[in-house]
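Quick note, the sequence shown lines up with residues -25 to -1, 1 to 451 if you use mature numbering (1 follows the signal peptide of the UniProt record, and there is no 0).
Read the structure below first, then the notes.
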Amino acid sequence: MNSPKYRRLAVLTTILLLHVPVYQSRFIPGFEYLVYRTEYCPRSEEEYKGRSSALGCTVNSSYACMPNEELTELWEFCYPLQILYITPDTCLFLSRRIWHLDSHNCKNFKYGCPALHYRASEIYKYPSCVSIANGCFSAEPDCKRKNSGKESDEQNKVSSEKQEDVLANSKLTDYLMSILLILGVIILILCLRPIFNILTRIIKIPKRCRFVKDIGVLLRSIRHVLARRLFMKKDLTWMKKAVTKTKKQAFKFKNTSAEEELLMTEGLDNACRDGDYNTVYSLLLKGVNTNLKIGDYKNTPLILACQNGHKCIVQILLDFDADPNICNFDKASPLLVATENGNTDIVELLLNYNGNVNACNFSGVSPLFVAAKKGNYSLVETLLNKGARVDIEKYNPIKKAIAGNHDKIVECLLQHCSREGVDIHKKCGLLYFAYCKRNMDIVKLLLRHGAPPLTKEEKRMLLDRLRHTTQSVKRK
């Protein structure tokens, strides 16, 4: 049974069987969706679900059963709407004339006319809308008299016998097709058992072993790493050895080595720096460590993506559990790096993933200080809304905004201090600093926000500063 001859025969048999629809004998052509004849419509919720499943109605379509336009047959189909609502006093039928649904007013029915809105999935509650005879609805008062005189009893009998023969043939054909389809699937499974065994083995391989099989991802990682290291002779020799060993292990489907893991991680770092989204995504799926520090500056992939403004890559790294608070060699966090580059969208993204808004670098510089220095008003507002501290003495953001003559940012920071009850004036001596910078607009702004007058010591220092400046100008 496992010979190539039998395998080809089984495949061809199955393809032919799959192309013969079970409902072929009842299929009605001409509609944009598949329509079939049926003896009766569902009479309960269980029958409705069974018919819907048999026809293959998906979540984007709904099973419907109704008469045709001539009211001589019942048709069933999957209508391309998730829910089909029907108004009161209405029964639907499928029109071949307009190739769509049409409605029939059932107010004159003797019984069973729907009095409320209902769904097509509830048609079993209103059998009068699918009960037809002699080209009319059975519940209509004059239904039995509509065709009187047009056909003799003998003609009706012949017609009934023909209809019974057609239905019997249809049932037999459906039964035979179902048996053939099942037999074809069984033959295919028996003949292709080796393929199933291979698939089972692949599924059982641990994730850590499986990712080396993706040779395409591996080679892309190698290309990124070597492109960065071509100028480093010693590293290049080491990398060639690592690449050779990695390729051999990948083709032998063995466990990953330390060199391979390092290679993959460097590949991720370089792909994050270059904005290569496809490579980043492929490597993340293979389980590469997103928080490993690489290089002299000990940057993580997330820091490199923030540094180069690749928002999509920042997003996917965070989705794969990259830590937004791991810093590099200078203690700079991803948030601080993104602020230095003025990437408001990336800053908001990091804050949404619990990035520390007050994380300072080795010198004590905070993200708010950097935003104030650069005069980025939107970044300042974003950081303040997330709880950034203003009362920092050494690298104070208000002083930096005063030094840069960013009046709008100074006012924003002062208003925030007033709302939060932070006494910024005692710690930082902002008024004296503004006088030294000779920015009278900011001096007035500080006085309006409660800055205390200059102390005697500050006045003396300010006069000495002015005297020294005047003497320097005279010498020139």
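Just so it is clear, CB atoms sit at the ideal spot from N, CA and C, and this is done for glycine as well.
This structure is a prediction, so every number in the text was calculated from the model and none was measured.
Query raised in the report: Roughly how many angstroms lie between the CA atoms of residue 150 and residue 87, to the nearest whole one?
Result: Distance between residue 150 and residue 87, taken at the CA atoms: about 35 Å.
Query raised in the report: Just to check, is the beta-carbon of residue 66 closer than 6 Å to a non-hydrogen atom of the ligand COA?
Result: The ligand COA is absent from the structure shown, which contains no ligand whatsoever.
Query raised in the report: Between the Cα of residue 352 and the Cα atoms of 329, 367, 376 and 364, which residue gives the shortest distance?
Result: Of the listed residues, the one whose Cα sits closest to residue 352 is 376.
Query raised in the report: Given a threshold of 16 other Cβ atoms within 10 Å of its Cβ, counted over all protein chains shown, does residue 346 qualify as buried or as exposed?
Result: Its Cβ being crowded by 16 or more others within 10 Å, residue 346 is buried.
Query raised in the report: With which residues is residue 484 paired in a DSSP beta bridge?
Result: In the structure as shown, the chain begins at -25 and stops at 451. Residue 484 is therefore absent and cannot be evaluated.
**Report entry** residue 51 vs residue 11 beta-carbon contact at 7 Å
**Finding:** Going by C-beta atoms, residue 51 is nearer than 7 Å to residue 11.
Requested in this report: Evaluate contact between the segment 55 to 68 and the segment 77 to 85, counting only Cβ atoms and requiring at least three cross-stretch pairs below 8 Å.
Outcome: Enough Cβ pairs lie closer than 8 Å, so yes.
Query raised in the report: Which one or two residues does DSSP pair with residue 42 in a beta bridge?
Result: Beta-bridge pairing by DSSP links residue 42 to 49.
Query raised in the report: Would the beta-carbon of residue 42 fall within 7 Å of that of residue 107?
Result: Going by C-beta atoms, residue 42 is nearer than 7 Å to residue 107.
Query - Three-state class that DSSP yields for residue 216 in the structure shown - result: Interpretation of residue 216 is limited by its pLDDT of 48, a score under 50 that renders its predicted location unreliable; the figure taken from the coordinates is listed afterwards. DSSP, read as helix, strand or coil, puts residue 216 in helix.
Query - Own chain partners of residue 266 with C-beta closer than 7 Å, once the 5 adjacent residues on each side are dropped - result: Excluding positions up to five away in sequence, the list reads 275, 297, 298 and 301.
Query raised in the report: Can you tell me the Cα-Cα spacing of residue 324 and residue 369, whole angstroms?
Result: Taken atom to atom, the span from the alpha-carbon of residue 324 to that of residue 369 is near 28 Å.
Report task. Output yes or no for whether 7 Å exceeds the beta carbon distance between residue 273 and residue 303. Result -> Their beta carbons are under 7 Å apart, which means residue 273 touches residue 303 by this criterion.
**Report entry** With 16 other Cβ atoms within 10 Å as the buried cut-off, status of residue 55
**Finding:** Residue 55 is exposed by the Cβ-count criterion.
Query raised in the report: In three-state terms, what does DSSP make of residue 161?
Result: Look at residue 161 here: in three-state DSSP terms it is helix.
Query raised in the report: What is the DSSP secondary structure of residue 37, counted as helix, strand or coil?
Result: DSSP places residue 37 in strand when its eight states are reduced to three.
Query - Straight-line gap, residue 477 to residue 85 (C-alpha atoms, nearest Å) - result: Lying before the first or after the last residue shown, residue 477 is absent from the chain, which here runs from -25 to 451.
Query raised in the report: Buried or exposed: which applies to residue 157, given that a residue is buried once 16 or more other Cβ atoms fall within 10 Å of its Cβ?
Result: Exposed, since its Cβ has fewer than 16 Cβ neighbours within 10 Å.
Query raised in the report: Run through DSSP, which three-state label would residue 60 get?
Result: DSSP places residue 60 in strand when its eight states are reduced to three.
Query - Helix, strand or coil at residue 10 according to DSSP, with G and I counted as helix - result: In the structure shown, residue 10 sits in a strand (DSSP, three-state: E or B).
Query raised in the report: Cβ of residue 364 within 7 Å of Cβ of residue 331?
Result: The answer is no: Cβ separation not under 7 Å.
Report task. Work out the CA separation of residue 284 and residue 436 for me, nearest whole Å. Result -> Rounded to whole angstroms, residue 436 and residue 284 show a C-alpha spacing of 45 Å.
Query - Secondary structure of residue 344, DSSP reduced to three states - result: Correct three-state label for residue 344: helix.
Query - residue 14 versus residue 45: straight-line alpha-carbon distance, rounded - result: Their Cα atoms are separated by approximately 16 Å.
**Report entry** Beta-carbon proximity of residue 381 to residue 350, cut-off 7 Å
**Finding:** Yes, these two residues count as a Cβ contact at 7 Å.
Query raised in the report: Can you give the beta carbon distance from residue 37 to residue 96, rounded, assuming they're within the 8 Å contact cut?
Result: Indeed they touch by this definition, with Cβ atoms about 6 Å apart.
Query raised in the report: Do residue 248 and residue 293 have their CB atoms nearer than 7 Å?
Result: No, they are not a contact pair.
Query raised in the report: Curious, which full-length alpha helix (DSSP H) runs of at least 4 residues does the segment 233 to 301 contain?
Result: Annotation note: the segment 233 to 301 contains the following uninterrupted alpha helix (DSSP H) runs of length 4 or greater, listed N- to C-terminal: 233 to 249, 252 to 260, 276 to 282 and 286 to 294.
**Report entry** Enclosing alpha helix (DSSP H) for residue 315 [first to last residue]
**Finding:** Its alpha helix (DSSP H) spans residues 309 to 315.
Requested in this report: Would you identify the three-state DSSP class for residue 18, choosing helix, strand or coil?
Outcome: It is coil, neither helix nor strand.
**Report entry** Buried/exposed call for residue 159, threshold 16 Cβ in 10 Å
**Finding:** Under this definition residue 159 is a buried residue.
Report task. Verify whether the separation of the beta carbon atoms of residue 281 and residue 312 is less than 7 Å. Result -> Taking 7 Å as the Cβ cut-off, residue 281 and residue 312 qualify as a contacting pair.
Query raised in the report: Going along the chain, which residues of its own chain have a beta-carbon closer than 8 Å to the beta-carbon of residue 387, five neighbours each way excluded?
Result: If we look at residue 387 and ignore the five residues flanking it on each side, its Cβ neighbours are 352, 355, 356 and 359.
Query raised in the report: From this set, 415, 366, 361 and 342, which residue's C-alpha is nearest residue 378's C-alpha?
Result: The residue with the shortest Cα to Cα distance from residue 378 is 415.
**Report entry** Whole-angstrom distance between residue 339 and residue 421, CA atom to CA atom
**Finding:** Residue 421 and residue 339 have their C-alpha atoms some 25 Å from each other.
Query raised in the report: Just to confirm, are residue 470 and residue 243 a CB contact at a threshold of 7 Å?
Result: Nothing can be reported for residue 470: it is not among the residues displayed for the chain, which extend from -25 to 451.
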